[in-house]
Amino acid sequence: MNYAVIGTGIVGRTLAAKLSDLGHKVTIGTRDVRRTLENTEPDGYGNEPFSVWSAAHPDIALATFEEAASTAETVVNATAGMSSLDALRAAGADNLAGKLLIDVANPLDFSQGMPPFLNPVGTDSLGEQIQRAFPDARVVKTLNTMNCSVMVEPSLVPGDHHVFLCGNDADAKEQVSRLLLAFGWPEDALIDLGDITASRATEQTLPLWIQLWTSLGHWNFNFRIQQAG
Ligand SMILES: NC(=O)c1ccc[n+]([C@@H]2O[C@H](COP(=O)([O-])OP(=O)(O)OC[C@H]3O[C@@H](n4cnc5c(N)ncnc54)[C@H](OP(=O)(O)O)[C@@H]3O)[C@@H](O)[C@H]2O)c1
């Protein structure tokens with residue numbers, strides 16, 4: 357499968373590396389290839405510059421958002437949530453039409469510092485905004501409720517814990533389910549929350565996730581849904 361991972365941050369890199377390890381062809385998308393490769397500064401979380409990461413992952417190409425999406429069969433949105441719509445518009449509606457679009461982003465607004473707040477919140481979500489903006493894409497929201505290291509290596513967190521998915525297209529969700537199994541998620545760890553409006557629920561776990569990160573002092577944890585009987 358040919359994947360475009362839209363996003364050069366730690367999430368895009370982590371998902372791209374996992375997809376590549378699984379044998380997929382992967383292109384990472386960025387606004388400006390030259391600027392991204394010329395940046396020599398670590399990001400705000402201390403992650404190495406993209407060029408350093410890229411040199412260690414020679415099989416993963418870097419291209420503009422548009423070039424990456426145009427050649428891909430499946431697109432992953434791993435951009436800053438407040439900019440995801442702009443990034444996907446730059447990728448091009450025609451390049452998303454008919455394709456599975458896996459959205460792992462969270463609409464966190466850092467404009468007033470830490471902790472960030474959600475925007476939109478309540479009666480809307482980023483997942484829904486993306487599906488409305490690109491009605492011909494088959495959007496599935498998933499993996500946004502955990503750190504990216506756990507996304508691709510669920511065994512980092514011992515015991516049973518869960519990954520949510522939602523979207524309007526049953527076949528697209530089936531495709532994502534197969535990918536999650538390939539990432540190492542046990543079948544009974546997947547919880548289908550229904551249509552794309554369930555993005556409101558998963559995005560709204562983020563204030564709790566951020567508070568847990570602060571309180572626990574690390575991010576290798578996840579949500580476990582314990583059911584009676
Ligand atoms: N950190 C985690 O473990 C984790 C877990 C779950 C979900 N998430 C979500 O995953 C997403 C990615 O997170 P991240 O930390 O890897 O990266 P990030 O810093 O949130 O986003 C980086 C990407 O966003 C793009 N971007 C930033 N501003 C833009 C703008 N104005 N227009 C277009 N594109 C823009 C950047 O483009 P350039 O490449 O051009 O710079 C880059 O590709 C976020 O939505 C985050 O909330 C993160």
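Just so we're aligned, residue 357 is where the sequence shown starts under the working numbering, counting upward by one. By construction, the Cβ of each residue, glycine as well, lies at the ideal position given by its N, Cα and C atoms. Everything numeric in this text was worked out from a predicted model, so none of it was measured.
Proximity below 8 Å, CB of residue i to CB of residue j
i	j	result
T558	N500	yes
V496	L549	no
V382	Y401	no
E484	I552	yes
E422	N451	yes
V513	N576	yes
P510	A538	no
K374	V508	yes
A453	D492	yes
T420	T364	no
R588	A528	Examination of residue 588 is not possible in this model, given that the chain is present from 357 through 585 alone.
Pairwise C-alpha distance: residue j and residue i
i	j	result
G379	A372	11 Å
C522	W569	24 Å
P405	P398	5 Å
L366	Q567	One detail in the question is off: residue 366 reads as Ile in this sequence, not Leu. For I366 and Q567, the distance between alpha carbons rounds to 20 Å.
A554	T396	39 Å
E411	R369	The residue asked about is misnamed: residue 411 is Ala in this sequence, not Glu. In a straight line, the C-alpha of A411 is about 12 Å away from that of R369.
D459	G585	33 Å
S481	W565	17 Å
P472	S571	16 Å
A424	V532	20 Å
T392	I416	14 Å
P563	R534	29 Å
E394	V408	10 Å
L441	A447	10 Å
V361	N403	18 Å
S426	H574	37 Å
H413	S376	9 Å
M357	L536	15 Å
D388	R445	15 Å
T498	R556	12 Å
W541	N524	22 Å
E543	G469	38 Å
V431	E530	15 Å
Minimum Cβ-Cβ distance from residue i to chain B less than 8 Å
i	result
D551	Reference to chain B is not applicable here, since this structure consists of a single protein chain.
Inside the region 482-560 only - beta strand (DSSP E) runs reaching at least 3 residues: 494-498, 519-523 and 546-548
Meets three-Cβ-pair contact criterion under 8 Å: the region 513-527 and the region 572-585: yes
Stretch pair the region 486-495 + the region 471-478: three plus CB contacts closer than 8 Å: no
The region 436-451 in contact with the region 459-471 per 3-pair CB rule at 8 Å: yes
Alpha helix (DSSP H) runs wholly inside the region 380-433, at least 4 long, in chain order: 389-394, 406-411 and 421-427
Segments assigned alpha helix (DSSP H), at least 4 residues, entirely inside the region 432-473: 440-447 and 449-452
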